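Let me begin by presenting the structure, written as structure tokens, before commenting on it.
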Amino acid sequence: MRDVTRDPAALERLRVQRSRLADRLRPPWWYVAGAVVAWAVGFTGQFSLQYLPRVDYWAAGAAQLVLFCLLQWGLARSSGLKVGPRPRRVLRDGLFYYRPGRPALIAMLIVSLAVGETEFLLIRHGRIAAAAAAAVAGVVIQATLQLAWLRGVRQALRDGEAV
Amino acid sequence: MTAEAKPDPLIHPITRLSICGLLAAGADWVEFAALRDAAGISDSVLSKQSRVLEEAHYVEVRKGAVGRKPRTWFRLTPAGRQAVEGHLAWLAQLEQAVAAGAQDASAARPAPAAADQPRPLRPPLLGST
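Going down the list, the protein sequences come from chains A and B.
So in the numbering used here, spot 146 of the first sequence is number 147, and the numbers just go up one at a time.
So in the numbering used here, spot 83 of the second sequence is number 92, and the numbers just go up one at a time.
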């Protein structure tokens, strides 16, 4: 078997292989569409309080979580890579143990809270059109941030730092 | 990378280095086909080398199926990760040493006439550091 000390390009080859592995993580169309739907479902929660009293507010959050899990499962199946925070590690090490794409993940949390609060206030003051516009803007921003997170994970895979 | 830079004879061969280096890149689990395609090796080579790494407790293997299609997933164990990080750090040092050696050789070359026989560059052998 070949020996790396007789092949000084071994590390360079590994970089190329890592890049090839990272390229498998490019999101397919259904991942982008699924992310948009998941965020749209999440941001309808505030409207359900006002207009759909029989629908539990938390049901929107639960549906969103299920959609995210399905998206991650689908991506793992299509790419052959399981990345991102793993449930057991999250329980053991906290939500932010996973470093790649962390700025995008934090931005997603902040935008999620900000859009939710804005919607709540606007609906309370009867400004429904403005609340809907805030929800649409939130969906676009969140889907973009989710893709940015995935880009961060791909970059970390290329650099070999996504531990 | 915080692991101590030292060579590991088990992951020294290029194929095993590729497998471990790819698994250490950060994905939690990597599927057989993804690993095979990224490393550019055949099914049989991956099976054989992954078994060696599994026996050394460097790699964990999980077998499953989607419908009738069998699926095999790999991931590094903590011991495997430590060994790979140490080995990659050692390789990076080696790469730097070879690059520095090449620079020295070109700087020490006195005249074009003497350049007929360039100084041979030999990277240190495994275990010599």
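Virtual Cβ for every residue (Gly too), placed ideally from N, Cα, C.
Predicted model only: the values in this text are computed from it and were never measured.
Exercise for the section: Counting only the same chain and skipping the five closest in sequence on each side, list residues whose C-beta sits under 7 Å from that of A12 of chain B. Expected result: Your numbering for residue 12 of chain B matches position 3 in the second sequence. Once the five neighbours on either side are set aside, the close Cβ partners of A12 of chain B are Q91, E94, G95, A98.
Exercise for the section: Can you say whether W30 of chain A is buried or exposed, counting buried as having 16 or more other CB atoms within 10 angstroms of its CB? Expected result: Taking the first sequence and counting its residues from 1, the one referred to as residue 30 of chain A is at position 29. Burial call: exposed.
Exercise for the section: Below 8 Å on the Cβ atoms is my guess for A39 of chain A versus L68 of chain A; work out the distance and round it to an integer in Å. Expected result: Residue mapping note: residue 39 of chain A aligns to position 38 of the first sequence, counting from 1. Residue mapping note: residue 68 of chain A aligns to position 67 of the first sequence, counting from 1. The Cβ separation is near 4 Å, so the contact holds.
Exercise for the section: Assuming A64 of chain A contacts V33 of chain A (C-beta within less than 8 Å), just tell me the rounded distance between them. Expected result: Taking the first residue of the first sequence as 1, we reach residue 64 of chain A at position 63. Taking the first residue of the first sequence as 1, we reach residue 33 of chain A at position 32. So it is not a contact: roughly 19 Å between Cβ atoms.
Problem - Separation of P18 of chain B from A109 of chain B, as counted between CA atoms - result: On the second sequence, position 100 is the one that residue 109 of chain B refers to. On the second sequence, position 9 is the one that residue 18 of chain B refers to. C-alpha separation (whole angstroms): 25 Å.
Exercise for the section: Mind listing the chain A neighbours of V70 of chain B? Cutoff is C-beta to C-beta under 9 Å, in chain order. Expected result: In the second sequence, residue 70 of chain B corresponds to position 61, counting from 1. Under the 9 Å cutoff, chain A gives no residues; its nearest Cβ is about 14 Å from V70 of chain B.
Handout entry: Nearest-angstrom Cα separation, counted from G85 of chain A out to S92 of chain A
Key = Working through the first sequence from its first residue, we reach residue 92 of chain A at position 91. Working through the first sequence from its first residue, we reach residue 85 of chain A at position 84. At residue 92 of chain A the sequence reads Leu, which differs from the Ser that was named. Their backbone Cα atoms lie some 14 Å apart in a straight line.
Practice task
Check each residue of the region 30-45 of chain B: if its Cβ is closer than 9 Å to any Cβ of chain A, include it; give the result in chain order.
Solution key: G30, L31, A33, A34, G35, A36, D37, W38, V39, E40, F41, A42, A43, L44
Problem - Burial state of A43 of chain B, where buried means 16 or more other Cβ atoms lie within 10 Å - result: Stepping through the second sequence from its first residue, residue 43 of chain B is reached at position 34. Label assigned to A43 of chain B: buried.
Practice task
Starting from the beta carbon of A48 of chain B, find every residue of chain A whose beta carbon is closer than 9 Å, and list them in chain order.
Solution key: As a working mapping, residue 48 of chain B is identified with position 39 in the second sequence. Near A48 of chain B (Cβ distances below 9 Å), the residues of chain A are Q18, R21, L22.
Practice task
Give the DSSP bridge partners of W59 of chain A, in chain order.
Solution key: For the purposes of this step, residue 59 of chain A is taken as residue 58 along the first sequence, with counting starting at 1. Note: W59 of chain A sits in no beta bridge, so no partner.
Exercise for the section: May I ask you to list the residues that DSSP assigns as paired with V68 of chain B? Expected result: The count along the second sequence starts at 1 and reaches residue 68 of chain B at position 59. Paired residue(s): B:L85.
Practice task
Would you please verify whether the beta carbon of L53 of chain A is less than 7 Å from any beta carbon of chain B?
Solution key: Counted from its first residue, the first sequence places residue 53 of chain A at position 52. With 7 Å as the cut-off, L53 of chain A does not count as an interface residue toward chain B.
Practice task
Give the interface partners of A101 of chain B over in chain A, defined as CB-CB distance under 7 Å, in chain order.
Solution key: Here residue 101 of chain B corresponds to residue number 92 of the second sequence, with the count starting at 1. Within 7 Å Cβ-Cβ: L12.
Practice task
For A64 of chain A, decide whether its Cβ has a neighbour in chain B, counting only Cβ atoms nearer than 7 Å.
Solution key: In the first sequence, counting from the first residue as 1, residue 64 of chain A sits at position 63. Answer no: the Cβ-Cβ gap between A64 of chain A and chain B never drops below 7 Å.
Problem - Residue range of the beta strand (DSSP E) that includes V39 of chain B - result: Locating residue 39 of chain B in the second sequence gives position 30, where the first residue counts as 1. That run of the beta strand (DSSP E) goes 38-40.
Problem - Closer than 7 Å to chain B by CB, R125 of chain A - result: Against the first sequence, residue 125 of chain A aligns to sequence position 124. For R125 of chain A, the answer is no, since every Cβ of chain B falls outside 7 Å of its Cβ.
Handout entry: Contact with chain B by G35 of chain A, beta-carbon distance below 7 Å
Key = Taking the first sequence and counting its residues from 1, one reaches residue 35 of chain A at position 34. For G35 of chain A, the answer is no, since every Cβ of chain B falls outside 7 Å of its Cβ.
Handout entry: Within chain C, the residues that L62 of chain B reaches when beta carbons sit closer than 9 Å
Key = This model lacks chain C altogether, as its protein chains are A and B.
Problem - N- and C-terminal bounds of the alpha helix (DSSP H) containing Y98 of chain A - result: For this step, residue 98 of chain A is matched to residue 97 along the first sequence. From DSSP, Y98 of chain A is part of no alpha helix (DSSP H); its letter is neither H nor E.
Handout entry: Residues bridged to R80 of chain B (per DSSP)
Key = For the purposes of this step, residue 80 of chain B is identified with residue 71 of the second sequence, where counting begins at 1. Partner(s): B:G73.
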